[in-house]
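J.: Each residue of the sequence shown is one higher than the one before, starting from 1 at the first, in full-length UniProt numbering. Idealized CB from N, CA, C, for every residue including glycine. Keep in mind the model is a prediction, meaning the values are calculated, not measured.
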Amino acid sequence: MIESLRQVQVVGALARLARTGGWADILEGRPLTDELDVADARLLVAAQVLRESAGGRLEPVDLHPWYDDPQILAANLVAELRRALHHGHDEDRLTATDPDQILAMGVASRSVAAILAEGVLPMLPVTRDRLDEGRARFLDVGVGTGAIAQTICETFPGTSAVGLDVSFEALSMAKEHLAESPVGHLIELRQQSVVDLVDEDAYDLAWMPQIFLSRADLEVGLGRVRRALRPGCWLVMPVAASADGCTPLEAAALEHDAVLRGGGPMSVLCAAELLREAGFARVRDMPGVSQSLVMAQAA
Ligand SMILES: C[S@@+](CC[C@H](N)C(=O)[O-])C[C@H]1O[C@@H](n2cnc3c(N)ncnc32)[C@H](O)[C@@H]1O
């Protein structure tokens, strides 16, 4: 119990170091001089987040996708702490409109978008060719701040996008953010639920994260997205399914998170079943640490 309570203190120390530049100093091998930075780092060593090498240099014990970028690390950890605070107050519903939460999810989406663009899309025939030829249209369901649509349009010049979201707050932030982007004019933002999407044969790629969608919206939305995709093109859907071999605490934390975000946990098998029921022809999956990616091709 005490050990678990200490984790809040540890996450707070890590978030602060990331925000104030101490984490960047650690990554670069520069010594910490500020008294609070040193206290944070000592706590992180004791918690086995950091270790001290023989030469006295501090370094992270594990690899983590957030660690390389202090801005991403700070934004995500502060969002986690804020979410825990809301949860402690039984105020989860507030987080859907909380600008800090929307922003943090947008920052997190930047690294997801890079993985999508560089690691996933090259494996998807038809969609990959359209993106490479510079004539693709991308559907981003739950566009949030627009980070994923922006990355796809930047990475594949000539691509345009439509971003759907039900949240007025998220769309306002996306509009503001994209106004400063050179690809902003290529991204159409719509305040629309995926269940109301009526486009047909209009997109070469769709992105729809299951963890944010209620089960009812997901089931109807899959049919809508299938019809909206051009034949042979792909939907990529992150699913809140933990990878084989993760610890019971990691699995329980993912399930808890998925309930709080609205979609709830879902196995890859269940996702594949829903995709087939919605009329998708081929389904593939790629296990991940916190979520798994399921990819489905429209017939
Ligand atoms: C947190 S965002 C994901 C982050 C986003 N990729 C970014 O770049 O900022 C997920 C969004 O899904 C939206 N959402 C939830 N249900 C939806 C639905 N039925 N149709 C469209 N968007 C929905 C939420 O309002 C939320 O803004």
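1) Beta carbon of Ile115: closer than 7 Å to some heavy atom of ligand 1?
2) Quick check on Pro248: buried or exposed, where buried means 16 or more other Cβ atoms within 10 Å of its Cβ?
3) How long is the line joining the alpha carbons of Ala54 and Leu14, rounded to whole angstroms?
4) Could you tell me whether the Cβ atoms of Ala258 and Ala240 are closer together than 8 Å?
5) In chain order, what residues of the same chain lie with their CB nearer than 8 Å to the CB of Val11, ignoring the 5 residues before and after it?
6) Apply the 10 Å Cβ neighbour rule to Phe280 and answer buried if 16 or more other Cβ atoms are within range, or exposed otherwise.
7) Using a Cβ-based criterion (distance less than 7 Å to any ligand heavy atom), does Phe156 qualify as near ligand 1?
8) Could you check what DSSP says for Phe212 in three-state terms: helix, strand or coil?
9) Which residues in the same chain as Arg16 place their Cβ atom closer than 7 Å to its Cβ, once the five residues preceding and following it in sequence are excluded?
10) Is Leu213 near ligand 1 - that is, is its Cβ less than 7 Å away from at least one heavy atom of it?
11) Pairs of beta-carbons, one from the stretch 144-151 and one from the stretch 179-191, closer than 8 Å: are there three or more?
12) DSSP three-state call for Arg30: helix, strand or coil?
13) DSSP three-state call for Ala18: helix, strand or coil?
14) Measuring alpha carbon to alpha carbon, tell me which of Glu28, Leu43, Gly22 and Glu118 ends up nearest Asp34.
15) Measure the CB-CB distance between Gly29 and Arg51 and report whether it falls below 8 Å.
16) Is the stretch 168-180 in contact with the stretch 192-201, if contact means three or more CB pairs nearer than 8 Å?
17) Between which two residues does the beta strand (DSSP E) harbouring Glu59 extend?
18) Taking one C-beta from the stretch 176-187 and one from the stretch 149-168 each time, how about it: are there three or more such pairs within less than 8 Å?
19) Is the beta carbon of Met295 closer than 8 Å to that of Leu124?
20) Go to Gly163, then tell me how far its beta strand (DSSP E) extends in each direction, as first and last residue.
21) Below 8 Å CB to CB, which residues in the same chain sit around Asp217 once its five sequence neighbours on both sides are set aside?
22) Counting only the same chain and skipping the five closest in sequence on each side, list residues whose C-beta sits under 6 Å from that of Val162.
23) Along the chain, where does the beta strand (DSSP E) that runs through Leu229 open and close?
24) Return the bridge partner residues of Gln48 from the DSSP annotation.
25) Give me whichever residues DSSP pairs with Tyr203 in a beta bridge.
26) Got a sec, what are the start and stop residues for the alpha helix (DSSP H) Phe156 sits in?
27) Could you please give the first and the last residue of the uninterrupted beta strand (DSSP E) stretch that includes Val141?
28) Once DSSP output is grouped into helix, strand and coil, what is the label at Leu275?
29) Alpha carbons only, please: which of Leu213, Val112, Ala179 and Tyr203 is nearest the one belonging to Gly263?
T.: Once the coordinates are examined:
1) Here the question's residue 115 lines up with position 115 in the sequence shown. It does not: the Cβ of Ile115 is nowhere closer than 7 Å to a heavy atom of ligand 1.
2) For the purposes of this step, residue 248 is taken as residue 248 along the sequence shown, with counting starting at 1. Exposed.
3) In the sequence shown, the residue the question calls residue 54 occupies position 54. In the sequence shown, the residue the question calls residue 14 occupies position 14. Their Cα atoms are separated by approximately 22 Å.
4) Indexing the sequence shown from 1 puts residue 258 at position 258. Indexing the sequence shown from 1 puts residue 240 at position 240. Contact flag set, yes.
5) Along the sequence shown, read from residue 1 onward, the residue named residue 11 stands at position 11. Hits under 8 Å: Leu77, Glu80 and Leu81.
6) For this step, residue 280 is matched to residue 280 along the sequence shown. Classification of Phe280: buried, given that the 10 Å Cβ count is 16 or more.
7) Numbered from 1 along the sequence shown, position 156 holds the residue referred to as residue 156. No, the Cβ of Phe156 stays beyond 7 Å of every heavy atom of ligand 1.
8) Here the question's residue 212 lines up with position 212 in the sequence shown. Correct three-state label for Phe212: helix.
9) Position 16 of the sequence shown, counted from the first residue, corresponds to residue 16. Excluding positions up to five away in sequence, the list reads Asp40.
10) As a position in the sequence shown, residue 213 is number 213, starting the count at 1. Yes, ligand 1 has a heavy atom inside 7 Å of this Cβ.
11) yes
12) Indexing the sequence shown from 1 puts residue 30 at position 30. It is coil, neither helix nor strand.
13) Here the question's residue 18 lines up with position 18 in the sequence shown. Residue state, collapsed to three classes: helix.
14) One-based indexing of the sequence shown puts residue 34 at position 34. Of the listed residues, the one whose Cα sits closest to Asp34 is Gly22.
15) Walking along the sequence shown from the start, residue 29 turns up at place 29. Walking along the sequence shown from the start, residue 51 turns up at place 51. Going by C-beta atoms, Gly29 is not nearer than 8 Å to Arg51.
16) no
17) Along the sequence shown, one-based indexing puts residue 59 at 59. Leu58 to Pro60 is the extent of the beta strand (DSSP E) around Glu59.
18) yes
19) Sequence index remark: in the sequence shown, residue 124 carries index 124 (1-based). Sequence index remark: in the sequence shown, residue 295 carries index 295 (1-based). Contact flag set, yes.
20) By one-based count along the sequence shown, residue 163 stands at place 163. Taken as a continuous stretch (DSSP letters only), the beta strand (DSSP E) holding Gly163 covers Ser160 to Asp165.
21) Translated into positions along the sequence shown, residue 217 becomes position 217. Same-chain partners within the cutoff: Ser193, Val194 and Val195.
22) Walking along the sequence shown from the start, residue 162 turns up at place 162. Closer than 6 Å at Cβ, skipping near neighbours: Leu139 and Glu188.
23) Taking the first residue of the sequence shown as 1, we reach residue 229 at position 229. Leu229 to Val239 is the extent of the beta strand (DSSP E) around Leu229.
24) Counting from 1 along the sequence shown, the entry for residue 48 is found at position 48. Gln48 pairs with nothing; no bridge assigned.
25) On the sequence shown, position 203 is the one that residue 203 refers to. In DSSP, Tyr203 forms a bridge with Leu229.
26) Counted from its first residue, the sequence shown places residue 156 at position 156. Phe156 -> no alpha helix (DSSP H), and no H or E assigned at all.
27) What you label residue 141 is simply residue 141 of the sequence shown in a count that begins at 1. It spans Arg137 to Val141 - the beta strand (DSSP E) in which Val141 sits, taken as one unbroken run.
28) Position 275 of the sequence shown, counted from the first residue, corresponds to residue 275. The answer is helix: DSSP assigns Leu275 an H, G or I state.
29) On the sequence shown, position 263 is the one that residue 263 refers to. Measuring from the Cα of Gly263, the nearest candidate turns out to be Leu213.
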